[in-house]
Amino acid sequence: MPRLSVFRSNKKIYAQLIDDKKSVTLSSAFGDDPKSVGEEIAKKASGKKIQKAVFDRSGYQYHGKVKLLADSARKAGLKI
């Protein structure tokens, strides 16, 4: 099962779907708005026939931008 990794800078938020067994990035998305990034990564995941992912918040607290990204990815159809 791929891992949905999140990185947050002061201005942008980044999301990557990573296959740790093969050590490859399956898809990625970034932008200013975490809601649109979550929707985009879920859309790219469904295009690659990925329905489930493990959420990796990278040590960030689960609130604010990180929570908004996860919630929008769930609404777009990705099971986290």
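Each residue of the sequence shown is one higher than the one before, counting from 1 in the UniProt record's numbering.
The beta-carbon is built from N, C-alpha and C at its ideal position, and this holds for glycine as well.
State the CB to CB distance for the pair residue i and residue j, rounded to an integer number of angstroms; the pair is presumed to be in contact (CB under 8 Å).
| i | j | result |
| --- | --- | --- |
| Leu-17 | Ile-41 | 7 Å |
| Val-24 | Phe-30 | With a Cβ gap of about 18 Å, Val-24 and Phe-30 do not count as contacting. |
| Ser-27 | Lys-48 | 6 Å |
On the three-state DSSP scale, how would you describe residue i?
| i | result |
| --- | --- |
| Lys-11 | coil |
Quick one: Cα of residue i to Cα of residue j, how far?
| i | j | result |
| --- | --- | --- |
| Asp-32 | Gly-64 | 13 Å |
| Ala-53 | Asp-20 | 12 Å |
| Tyr-14 | Ser-58 | 11 Å |
Quick one: complete beta strand (DSSP E) runs, 3+ long, within the stretch 13 to 71? Taken in chain order, the complete beta strand (DSSP E) segments of 3 or more residues contained in the stretch 13 to 71 are 13 to 19, 24 to 31, 54 to 56.
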